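Residue numbers (my numbering): 189 to 632.
Think of the CB as a built atom: it goes at the ideal place given N, C-alpha and C, for glycine as much as any other residue.
In this text, all values refer to a predicted model and were calculated from it rather than measured experimentally.
First comes the structure, then the notes that go with it.
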């Protein structure tokens with residue numbers, strides 16, 4: 189075809205040498221990668237890898253050092269040049285802050301997305317991992333947690349078989365404390381890999397659109413064309429059947445009458461002629477969004493007072509209307525006086541019945557009220573026993589209310605033990621205040 193040239197190469201000529209280095213070793217389909225890596229692991233100070241040992245009363249939690257060495261191996265398969273799967277296993281020779289040995293290890297799998305156009309290839313990844321520790325009981329014991337990790341980096345394809353790789357990672361795991369939530373554990377890695385599966389030869393001069401014009405001569409490398417420059421015959425630039433002089437949108441394929449596409453300005457799937465709200469993404473039947481006129485988070489179809497925002501007070505919070513908690517209900521919120529138990533027992537005493545009967549009457553009158561009953565103890569004695577005792581007391585109060593006609597699904601119960609004091613446990617008066625039953629309104 190016009191515009192193409194051919195040259196005769198000697199037998200055995202390596203056609204890859206005709207490709208610039210920046211593209212010579214770019215990733216290919218069906219490649220495998222096997223390698224090793226090393227680096228540093230920076231754990232969060234509140235990393236929840238700890239095995240409590242009741243035989244060591246003075247054991248205590250020991251945080252890990254901030255920076256720890258890491259090494260491991262990985263294997264990956266890339267069915268296409270832009271996407272692949274990888275498995276890794278590694279170990280971190282960590283120590284606790286009191287200089288106890290604590291060997292960390294991980295096993296993880298992830299999906300890798302890479303921009304596989306050049307010999308230097310940026311990538312991102314995300315996946316699941318198991319992060320564990322192997323140490324003496326006096327350090328942090330033996331434990332393993334699941335986590336989610338993500339990261340990115342650069343691959344440097346040096347030759348047909350060699351690849352250098354830089355990674356930065358963040359592994360998300362649970363924190364040690366109740367309030368810690370998700371914590372971050374960072375890694376910086378340097379790896380060397382063996383690349384497998386490359387084709388024996390690559391065209392000396394690529395012709396992406398297969399029109400007979402090599403890419404370095406083709407001004408339209410992705411569109412088949414004709415001489416002199418490999419571009420389509422002039423006349424219909426966007427290929428929609430409308431010649432350019434008659435096409436008002438010559439760069440966008442369109443339809444009658446003017447060759448322009450039918451728009452969906454707000455991208456909601458409703459074409460503009462059928463969309464009553466062309467500037468706002470919406471839903472059926474008219475392409476308009478469901479409104480929340482008063483901005484209280486309750487959509488208008490479910491809001492009984494669409495012009496007045498809901499009062500968020502855990503009382504009738506689903507109807508969308510402003511309200512106040514009735515005084516009778518308020519009386520049974522917070523610490524409830526008049527509920528008694530024998531020491532170290534969970535049976536409700538008879539003198540508690542008047543208070544509980546009043547609570548039953550209020551809950552029957554206000555059927556929308558839902559409560560959480562929380563039992564509390566002082567700090568005397570074993571914490572585990574106190575938590576169990578406080579839960580049994582909360583359950584006993586719940587049982588009384590249920591036995592007297594209140595639906596069980598309106599009541600939650602919880603034992604807080606000594607963990608939520610309202611007074612100083614150093615005095616008898618403070619301990620007496622901390623031994624209590626609380627009612628808390630629920631919004632569900």
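query: Residue 316 versus residue 371 - alpha carbon distance; result: 15 angstroms
query: Local conformation of residue 160 per DSSP, three classes; result: The structure shown does not extend to residue 160, since the chain is modelled only from 189 to 632, so the question has no answer here.
query: At least 3 beta-carbon pairs within less than 8 angstroms: the stretch 527 to 546 vs the stretch 594 to 605; result: no
query: Buried or exposed (CB count within 10 angstroms, at least 16 for buried), residue 209; result: exposed
query: Chain-order list of residues whose beta-carbon lies under 8 angstroms from that of residue 303 (same chain, five-residue window excluded); result: 270, 309, 310 and 311
query: Length of the line joining the Cα atoms of residue 555 and residue 564; result: 26 angstroms
query: Start-to-end residues for the beta strand (DSSP E) that takes in residue 559; result: 558 to 564
query: Secondary structure of residue 610, DSSP reduced to three states; result: coil
query: Whole-angstrom distance between residue 261 and residue 524, CA atom to CA atom; result: 60 angstroms
query: Cβ neighbours of residue 545 in the same chain (closer than 8 angstroms, five flanking residues each side left out); result: 592
query: Buried or exposed (CB count within 10 angstroms, at least 16 for buried), residue 568; result: exposed
query: Proximity test, residue 382 beta-carbon vs the ligand MN heavy atom, cut-off 6 angstroms; result: You won't find the ligand MN in this model; it holds no ligand whatsoever.
query: Residue burial classification, residue 581 (beta-carbon count within 10 angstroms, cutoff 16); result: buried
query: Sequence-distant residues of its chain with Cβ nearer than 7 angstroms to residue 562 (five each side left out); result: 582, 602, 604, 626 and 628
query: At least three beta-carbon pairs within less than 8 angstroms, the stretch 443 to 452 to the stretch 460 to 471; result: yes
query: Supposed close pair residue 258, residue 351 - CB separation, criterion 8 angstroms; result: Contact flag wrong, Cβ pair sits at about 19 angstroms.
query: Alpha-carbon to alpha-carbon, residue 444 and residue 430; result: 9 angstroms
query: Enclosing alpha helix (DSSP H) for residue 588 [first to last residue]; result: 571 to 591
query: Nonlocal neighbours in the same chain, by C-beta distance under 6 angstroms from residue 590, ignoring five residues either side; result: 596
query: Under 7 angstroms between C-beta atoms of residue 313 and residue 298; result: yes
query: Where residue 573 falls, given that 16 or more other Cβ within 10 Å makes a residue buried; result: exposed
query: Rounded straight-line distance, which links the Cα of residue 231 to that of residue 253; result: 8 angstroms
query: Straight-line Cα distance separating residue 518 from residue 542; result: 17 angstroms
query: Cβ-based neighbour list, residue 599, same chain, cut-off 8 angstroms, excluding 5 preceding and 5 following; result: 558, 559, 560, 561, 586, 589 and 590
query: Alpha-carbon spacing of residue 386 relative to residue 349, whole angstroms; result: 9 angstroms
query: According to DSSP, residues forming a beta bridge with residue 256; result: 229
query: Exposure label - residue 404; buried when at least 16 CB within 10 Å; result: exposed
query: Closest by C-alpha distance to residue 322, when choosing among 335, 397, 288 and 337; result: 288
query: Residue 219 versus residue 418 - alpha carbon distance; result: 32 angstroms
query: Cβ neighbours of residue 342 in the same chain (closer than 8 angstroms, five flanking residues each side left out); result: 308, 309, 310, 311, 353 and 354
query: Option nearest residue 379 by Cα separation, candidates 225, 408 and 268; result: 225
query: Beta-carbon gap between residue 413 and residue 399 smaller than 7 angstroms; result: yes
query: Inter-residue Cα distance where the pair is residue 268 and residue 384; result: 14 angstroms
query: Contact belief for residue 214 with residue 305 at Cβ below 8 angstroms, rounded distance in angstroms; result: 6 angstroms
query: Helix, strand or coil at residue 440 [DSSP, three-state]; result: coil
query: Through-space distance from residue 551 to residue 520, alpha-carbon basis; result: 10 angstroms
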